[in-house]
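Reading through the structure tokens given below for one structure.
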Amino acid sequence: MTQIYRTLRFGLMLLAAAVMTACGSDEPDPVKTPTRTVLVYMAADNSLDSYFNANTVNLSQMEAAVAAGALGDGGRLVVFHDGASTAPELFEITQQGRVSIRSYDESESSVSEEHMRRVLADVKAAAPADEYGLVLWSHGTGWIESSTSRSGGVGPSAQSFGQDLHPTSKEMKVTTLASALEGWNFEFIYFDCCFMATVEVAYELRHATPWIIASATELPVEGMPYGVNIPAMFAPELDLKQIAANTLAYYLSGEASYEYCTISLISTEALPALADATRAIMATGALPEPTYRAMPFFRSGGANSHTYDMGHYISALPVSAQLLEAWKSAYEKTLPYFGATRTAYGLDMTGFTGLGCYIVRSEADASLLGYRNQSWWKDVVSQNPSFN
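In the working numbering, each number is its position in the sequence shown, counted from 1, plus 1021.
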């Protein structure tokens, strides 16, 4: 009996030791690196291809970056490209080269809501990921919907984002863009085009992403430095300030054809507070003084984007110090990073505050350029009794 007891006890001790050893050797499960797909949506059926070949240069930069290992662990770079002389195509850039996903009929405009929705659905099916980023590549004029010019100078083309010349010339309003992106929550949207860093554009897209990177002025044809920013977009810890800073550094370095650049990182999650603070100022009925000279974001003789420096404008309004301080606090939270070269196409940028806006001085101003269709007008600026 004693021998049986000893044998049983010894067996139990061995079993316990084995269990303890097994438990002790368990390593914690490795933290899974989130997968990230970035779509570069290139509406290039316009002068950026036919005249400047900017799309070809940027695509080469993307391919070189990916070949050098820019995608890291779990990154996928997908490009929709519609060029002036090439059929619309969705393809993935891998270390081995381009892999076609699907082609599209030329009769479909790349700047229609339906087509953009179709491309986005195809991206999700072909390159599913935990996170998505979006680069919008084309011409841009901000929020403008009409080519009618309020003041003299060259009128803008009737577009907000994008231009597709075939089969017929079409553009996409920013309100349409917001509708096309409905249901998505991109980690970021980067506008690689001119004039998109305006409060009207950011407010319209506030439900599509928490972060927007964009330029308030014209941007030289080289656009974003893809060789530097593609690796940054796939870094495990996404640093959007650095991505914006990389673009400015590229133009400050003298590598581009012109040393002109403005760039801003916009927090759309801070926009509701900025809207509240701006609405409070508008509710006073304040208007710019007759002698006020706004800081334009468009050059003489160029496309008139009808956008002006928002910080410069609001700070000049005759309102109480309390209202203005509350507004400045909200504005600073909206723009965690912005920067500019000293000049941009002849414009003095030393007073640049990061964000553009349209300045309404009268009820008639609000009726031009499709401004009444913008959510920023409806929710904020229209509260000024001077415009009713």
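We put the CB at the ideal spot given by N, CA and C, even for glycine.
DSSP three-state call for residue i: helix, strand or coil?
{"i": "residue 1096", "result": "strand"}
{"i": "residue 1124", "result": "strand"}
{"i": "residue 1373", "result": "coil"}
{"i": "residue 1194", "result": "coil"}
{"i": "residue 1245", "result": "coil"}
{"i": "residue 1061", "result": "strand"}
{"i": "residue 1134", "result": "helix"}
{"i": "residue 1113", "result": "strand"}
{"i": "residue 1302", "result": "helix"}
{"i": "residue 1165", "result": "coil"}
{"i": "residue 1365", "result": "strand"}
{"i": "residue 1103", "result": "strand"}
{"i": "residue 1324", "result": "strand"}
Which residues share a DSSP beta bridge with residue i?
{"i": "residue 1317", "result": "1329"}
{"i": "residue 1210", "result": "1155 and 1233"}
{"i": "residue 1282", "result": "The partner list for residue 1282 (beta bridge, DSSP) is empty, contrary to what the question assumes."}
Quick check: the Cα distance between residue i and residue j, rounded to an integer number of angstroms?
{"i": "residue 1292", "j": "residue 1306", "result": "21 Å"}
{"i": "residue 1340", "j": "residue 1352", "result": "16 Å"}
{"i": "residue 1360", "j": "residue 1279", "result": "16 Å"}
{"i": "residue 1228", "j": "residue 1207", "result": "9 Å"}
{"i": "residue 1179", "j": "residue 1090", "result": "Legend: pLDDT at residue 1179 = 44, less than 50; position of this residue unreliable, no value from coordinates given."}
{"i": "residue 1189", "j": "residue 1202", "result": "23 Å"}
{"i": "residue 1332", "j": "residue 1346", "result": "12 Å"}
{"i": "residue 1282", "j": "residue 1270", "result": "9 Å"}
{"i": "residue 1080", "j": "residue 1301", "result": "46 Å"}
{"i": "residue 1274", "j": "residue 1088", "result": "25 Å"}
{"i": "residue 1185", "j": "residue 1125", "result": "14 Å"}
{"i": "residue 1156", "j": "residue 1064", "result": "11 Å"}
{"i": "residue 1072", "j": "residue 1404", "result": "44 Å"}
{"i": "residue 1299", "j": "residue 1121", "result": "47 Å"}
Say the cut is 7 Å; is the CB of residue i nearer than that to a heavy atom of the ligand FAD?
{"i": "residue 1086", "result": "Summarising the ligand content, the structure contains no ligands, and the ligand FAD is consequently not present."}
Exposed or buried, which one is residue i when buried takes at least 16 other CB atoms within 10 Å?
{"i": "residue 1399", "result": "exposed"}
{"i": "residue 1108", "result": "exposed"}
{"i": "residue 1166", "result": "buried"}
{"i": "residue 1406", "result": "exposed"}
Practice problem: Give a yes or no on contact between the segment 1231 to 1240 and the segment 1213 to 1222, applying the rule of three or more CB pairs nearer than 8 Å. | Solution: Because the criterion of three Cβ pairs below 8 Å is met, the segment 1231 to 1240 and the segment 1213 to 1222 touch.
Quiz item: So does the segment 1056 to 1069 actually touch the segment 1093 to 1104, counting three or more Cβ pairs closer than 8 Å?
Solution: Output reads yes: the segment 1093 to 1104 touches the segment 1056 to 1069.
Quiz item: Is it a yes or a no for the segment 1182 to 1200 touching the segment 1246 to 1255, going by three-plus beta-carbon pairs under 8 Å?
Solution: no
Exercise. Answer yes if the segment 1269 to 1288 comes into contact with the segment 1366 to 1381, meaning at least three C-beta pairs across the two stretches below 8 Å, and no otherwise.
Key: yes
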